[in-house]
Amino acid sequence: MSATTMRMREALNEALREEMERDESVFLMGEDIGVFEGAFKVTQGLMKRFGERRVRDTPISENTIVGAGVGAAMAGLRPVVELMTVNFSLLAFDQIINHAAAIPYMFNGQVRVPMVIRMPGGGGHQLGPTHSHSFEAMYLQIPGMLVACPSTAADGKGLLKAAIRDDNPVIFVEHETLYGMRGEVPDDPDHVLDFGRCAVRREGDDVTIVGILKMAHEAERAAEALAEEHGIEAEVIDPRTLRPLDLDTILESVRKTNRAVIVEEGWPHGGVGANLAALIQEQAFDHLDAPVQRVTGADVPMPYSKRLEQSAIPHPEHVVSAALNATVGAS
Amino acid sequence: MADKDDTSEVRTPAGVLTSSRGQALPDPDTSRELLRQMVLIRRFEEEAGRQYQRAKAGGFLHLAIGEEATIVGTTSVMEPGDYLIGTYRTHGHAIARGTDPRNVMAELFGREDGTARGRGGSMHIFDGDRRFMGGYGIVGGNLPIAAGLALASDYKGTDDVTVCMFGDGATNTGNFGETINLAALWDLPVVFLVENNLYGMGTAIERHSAVTDLSHKAEGLGVPGERVDGQDVVAMRECVADHLEIARRERRPTLVEAFTYRYRGHSAADPEVYRDKQEVEEWQRRDPIEIFSRRLIDAGAISEDELAGIREGIDAQVVAAVEFADASPEPPLDSLYDNLYVMPGEQEGWYAVDERTPDPFRGEREREAAADSRVRELHEAGASYGGQSPRSGGGSGEGPATERDAPADRAGARDEGEPDPPAGDEQVEESRQQGPGGIE
C-alpha cells in the first residue's frame, strides 16, 4: 500500500475530510475552527470544502459546545468537537463526565453518544500554567469514555477515523509539539486503526519502556541512547489508546524483559504511569526484577520560563536514568 | 432580603400575571384528557412520595405536585417527533409524553422494568421512543443538550423542535447564558421553558436572581420571552403552542416562563424552613387541578360523576403501577456493566476494569467472571449491603447500617462535628437530611 509523508496536522485534517466525505452525519464544531481555520490549523480548508453547516464556528462556550455535541449525537449525528486546549476542556467537564460518558449507561443503552472531543495539550511552547497541561490520566479515569493519544501522523489519522466511526464518546488528545512532525501515512481511505492495540516501536529484551504522545518519541530516543551507550536493548511500546488499553501486549513485554519504565508528560499523582504500574504489579508481579519506574512531568503548574518549562518536562535523559535504575544490579 | 411587600410582588400570582391567555376552553374530549393527565401525575407523585417513605424508592425524590398544568399544558401541544428534555423533577413529564407509569415507578424502585433498568433512578427518567430525552440531575446540564437536539433537527432538515424545561435556579448557571446565546446565534428551534416555581432548592427567587421576571432574562442575549400562568393548563397550552409554532415555522428560539409552584418540598428530604405556610396555602388556592376541574364542571364539559370516575380509574392505575414495580425483579448483578460501552463484534480490550475481586477482570467479562463462585460470592456480599432496596437496610442483618439508616433525630441535623457543606451543594446538604425522619 502506498503512503505519503505528511505532518500530524495534515494527517488529522485528512481524517476529518475523508470521514466528512464518507458520512454526511459527521460535522465539526469548535472555537475558531472555520474562518480562522483552527488555532493549530488542523481544520484548514474544511469550511471552504464543506461550508458553514458542517464546519461550525462556535462562541467561547466550552460546556455548551460539548453539550450541543452530546445532544446532536443523541439525535443521530456524529459531531467532532474541537476544544482549543486540554486546559479549556476543564470548562466542559460537566458535559464530558456527567453527560457524554454517563448518558448511554444511565439511560440503559436507549441512546448512544457517538462523538469525538479533540483537544491539544502538552508543554513546550512557553504557554504557561493555563495552556500547557496533560490530562490524559483524568480522562482515562472516566468509565463510559474512550481515550486516544496518538504520537505519529499515521496513528493520528487512523485513530481519528476510528474515533469518528465509533459509537462511544471519545476523548482525542493531541500534542501541540507533534502537529508539525512528519511521518508516513498510508493512502488507504480505510486506514482505520483499532482502539486497544499497542504499537511496539522497538523490540528489545532488557527493559520495557511505555510512552505516550510526545513521550513515545522521547522513549525511542532514550532506547537508542541505552543501546549505544549502555548496551541495553529496550522494548518501546506506545499504547496509542488508554481506554481501551492493550494491557496484554504490555504485560507480555514485561514478562520478557522483567522491567518496566512508564513515561508521560502529565503529573505524577494518579497518573497514567501510576495506573499502569498498579496493573503491572497486580498482574505480572512474579515477573518483575525491579520496581516499576515512572517518569512524569514535574508536580507543578507548568511554568512559563523556557528553562523552567523544559526542566519540568521529561526528556530522554530522564528515561535513560529510569531504565538504568530498573536494570542496575540485575544481570 | 427584600421586604415583605417586595416579596409578595415577586411571589404571588396576583402581582405578576397580566396575560389574558387561557380564555377559551379546548373541546370537551381534549379538556377531559388534559384533566386526566394532570390527575394521573398528581396521583403518581403522591404515591411515589408514599413509596419513598416506605423505603421502596431510594435516593432523592423530587415531586412536581402543583406543577401539573405546566407539564401537561406543554406536552399536550407537542408533536410526537418533537424532543422534550427536562430536569430531575420529570416523572410527570415522561408520563405526559406517554411513558407507562408502571415503568416510571419501577425505575424509582430501581428494578429491571424501570425506564433505565434501575441505572438512572428518579432523577434520570428517559424514554427514547417517545422522544423524552431525559431527566438530568445537574441543574442547567440539559440546556446545551437541548441545543444539540435542535441543531440535529435542523441539520437533518426535519421540522421537529425541542422543548427544554428547567427551573428558575438554572437561569443562573453558565449554561443558561451560553446556550441561549448559541441558540439565538444559530437560530435553533428550541422553546426554552422555565418552570419558575420561585425557589432554587430552598433559595427564594429574589435571593438568587437579580432579575426576577425571568421572561426577560434571555432578551439581552437575543431570545425573547413570555410569562404565562403555569397553574392554568389552558393558558399554558395556548402559550406553548404559539412558541412551538415560532420554533417550527420560523426556526428560532423563544422562552416561556411558566409561573408555577411546588406544593411539596424541593425533595422529599426538605424540611421547608425557607417559606411560610401562608404562602403555600395561597398557592394551593390556585391548585391547577382544582381550578381546571371547577372550570370544566362550570362549563358543563364534565360532570361530578365523570370526574369521580376519572379519579377512580387513575387510583387503580397508580396502585397497579406500584404492584408492577414491586413485582419487577432487582437487576441481576452480572448486568452491572451493561451499556457502559457500545461493544461491536468481538472487540477485545480494557474498556472497564473490575477490581472488586482478587483477580481483576475486564468489565465486559462480568458475566463470565461471575460464573466463578468466589467472584459471585464477593459480588453478592457487596450487593447485600443494599438489602432488598437501597433504603431498607439496617433491620435485615445483611451488611451494616448506612447513612440512610440514621435515626430519625439525625434528620436535618447540621452540626454534628462535620464541616458545613459547600454552598450550593445540594447533595451534601440533602444527604444530611436522609433517614425516615427527614422525609416529609
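Residue numbers (our numbering), protein chains in the order written: chain P, 180 to 510; chain S, 30 to 469.
Just so it is clear, CB atoms sit at the ideal spot from N, CA and C, and this is done for glycine as well.
None of these values were measured; they are calculated from a predicted model.
List the endpoints of the continuous beta strand (DSSP E) containing residue i.
{"i": "H354 of chain P", "result": "349 to 354"}
{"i": "Q472 of chain P", "result": "472 to 474"}
{"i": "Y112 of chain S", "result": "112 to 114"}
To the nearest angstrom, report how far apart residue i and residue j are at their CA atoms.
{"i": "G386 of chain P", "j": "T436 of chain P", "result": "Correcting the residue type first, residue 386 of chain P is Val in the shown sequence and not Gly. Roughly 5 Å separates the two Cα atoms."}
{"i": "R266 of chain S", "j": "T283 of chain S", "result": "15 Å"}
{"i": "N148 of chain P", "j": "F272 of chain P", "result": "This structure gives no information on residue 148 of chain P, because the portion of chain P shown stretches from 180 to 510."}
{"i": "D183 of chain S", "j": "L217 of chain S", "result": "7 Å"}
{"i": "E216 of chain P", "j": "M298 of chain P", "result": "15 Å"}
{"i": "M230 of chain S", "j": "V45 of chain S", "result": "21 Å"}
{"i": "G186 of chain S", "j": "R277 of chain S", "result": "11 Å"}
{"i": "G164 of chain S", "j": "A402 of chain P", "result": "52 Å"}
{"i": "Q260 of chain S", "j": "P283 of chain P", "result": "35 Å"}
{"i": "W312 of chain S", "j": "H295 of chain S", "result": "16 Å"}
{"i": "L325 of chain S", "j": "G121 of chain S", "result": "22 Å"}
{"i": "R394 of chain S", "j": "D367 of chain S", "result": "10 Å"}
{"i": "A31 of chain S", "j": "E341 of chain S", "result": "Caution applies to A31 of chain S, whose pLDDT of 41 falls short of 50 and renders its modelled position unreliable; the model cannot decide the point."}
{"i": "P42 of chain S", "j": "L392 of chain P", "result": "60 Å"}
{"i": "I212 of chain P", "j": "V498 of chain P", "result": "36 Å"}
{"i": "R50 of chain S", "j": "A175 of chain S", "result": "27 Å"}
{"i": "E412 of chain P", "j": "T420 of chain P", "result": "25 Å"}
{"i": "A264 of chain S", "j": "R79 of chain S", "result": "31 Å"}
{"i": "E286 of chain S", "j": "V265 of chain P", "result": "37 Å"}
{"i": "G255 of chain P", "j": "Q289 of chain P", "result": "12 Å"}
{"i": "I388 of chain P", "j": "V440 of chain P", "result": "5 Å"}
{"i": "S204 of chain P", "j": "R186 of chain P", "result": "27 Å"}
Any beta carbon from chain P within less than 8 Å of residue i's own beta carbon?
{"i": "T208 of chain S", "result": "yes"}
{"i": "F390 of chain S", "result": "no"}
{"i": "N368 of chain S", "result": "yes"}
{"i": "V371 of chain S", "result": "yes"}
{"i": "M194 of chain S", "result": "no"}
{"i": "F161 of chain S", "result": "no"}
{"i": "P173 of chain S", "result": "yes"}
{"i": "R280 of chain S", "result": "no"}
{"i": "H501 of chain S", "result": "Past the edges of chain S, shown from 30 to 469, lies residue 501 of chain S, and the structure says nothing about it."}
{"i": "Y184 of chain S", "result": "yes"}
{"i": "F155 of chain S", "result": "yes"}
{"i": "I94 of chain S", "result": "no"}
{"i": "L222 of chain S", "result": "no"}
{"i": "I124 of chain S", "result": "no"}
In terms of residues, what are the limits of the alpha helix (DSSP H) holding residue i?
{"i": "D334 of chain S", "result": "333 to 356"}
{"i": "C377 of chain P", "result": "Careful: C377 of chain P lies outside any alpha helix (DSSP H) and carries neither H nor E."}
{"i": "E496 of chain P", "result": "495 to 506"}
{"i": "T99 of chain S", "result": "97 to 104"}
{"i": "L467 of chain P", "result": "No alpha helix (DSSP H) holds L467 of chain P; DSSP gives it neither H nor E."}
{"i": "C268 of chain S", "result": "262 to 274"}
{"i": "F206 of chain P", "result": "Counting along the chain, F206 of chain P falls outside any alpha helix (DSSP H), though it belongs to the beta strand (DSSP E) covering 205 to 209."}
{"i": "D327 of chain S", "result": "317 to 327"}
{"i": "T428 of chain P", "result": "426 to 436"}
Would you say residue i lies against chain S (beta-carbon separation less than 8 Å)?
{"i": "S432 of chain P", "result": "no"}
{"i": "M180 of chain P", "result": "no"}
{"i": "Q460 of chain P", "result": "no"}
{"i": "N266 of chain P", "result": "no"}
{"i": "F206 of chain P", "result": "yes"}
{"i": "A453 of chain P", "result": "no"}
{"i": "M263 of chain P", "result": "no"}
{"i": "L163 of chain P", "result": "Nothing can be reported for residue 163 of chain P, as the shown portion of chain P is limited to 180 through 510."}
So residue i packs on residue j, CB below 8 Å; how close in whole Å?
{"i": "F205 of chain S", "j": "L172 of chain S", "result": "6 Å"}
{"i": "V474 of chain P", "j": "V507 of chain P", "result": "Contact flag wrong, Cβ pair sits at about 16 Å."}
{"i": "E74 of chain S", "j": "L54 of chain S", "result": "25 Å between Cβ atoms; not a contact."}
{"i": "Q462 of chain P", "j": "L424 of chain P", "result": "Q462 of chain P to L424 of chain P, Cβ: 12 Å. No contact."}
{"i": "A333 of chain P", "j": "P365 of chain P", "result": "6 Å"}
{"i": "A212 of chain S", "j": "V219 of chain S", "result": "5 Å"}
{"i": "L503 of chain P", "j": "H409 of chain P", "result": "7 Å"}
{"i": "G169 of chain S", "j": "T202 of chain S", "result": "3 Å"}
{"i": "L207 of chain P", "j": "V259 of chain P", "result": "5 Å"}
{"i": "A505 of chain P", "j": "Q472 of chain P", "result": "5 Å"}
In chain A, which residues lie with their C-beta within 7 Å of the C-beta of residue i?
{"i": "G248 of chain P", "result": "Judged by its chain identifiers, the structure shown contains no chain A, and its protein chains are P and S."}
Quick one: any contact between the stretch 318 to 338 of chain S and the stretch 104 to 116 of chain S, if contact means 3 or more CB pairs under 8 Å?
Segment contact: the stretch 318 to 338 of chain S against the stretch 104 to 116 of chain S, fewer than three CB-CB distances shorter than 8 Å; contact not assigned.
Do the stretch 188 to 196 of chain P and the stretch 335 to 349 of chain P make contact, defined as three or more Cβ pairs closer than 8 Å?
Using a Cβ-Cβ distance cut-off of 8 Å, the stretch 188 to 196 of chain P and the stretch 335 to 349 of chain P are in contact, since at least three pairs of beta carbons, one from each stretch, lie closer than that value.
May I ask you to verify whether the stretch 381 to 397 of chain P touches the stretch 340 to 347 of chain P, counting CB pairs closer than 8 Å and requiring at least 3?
Too few Cβ pairs lie closer than 8 Å, so no.
With three or more beta-carbon pairs closer than 8 Å as the criterion, would you say the stretch 229 to 243 of chain S touches the stretch 128 to 135 of chain S?
The stretch 229 to 243 of chain S is not in contact with the stretch 128 to 135 of chain S.
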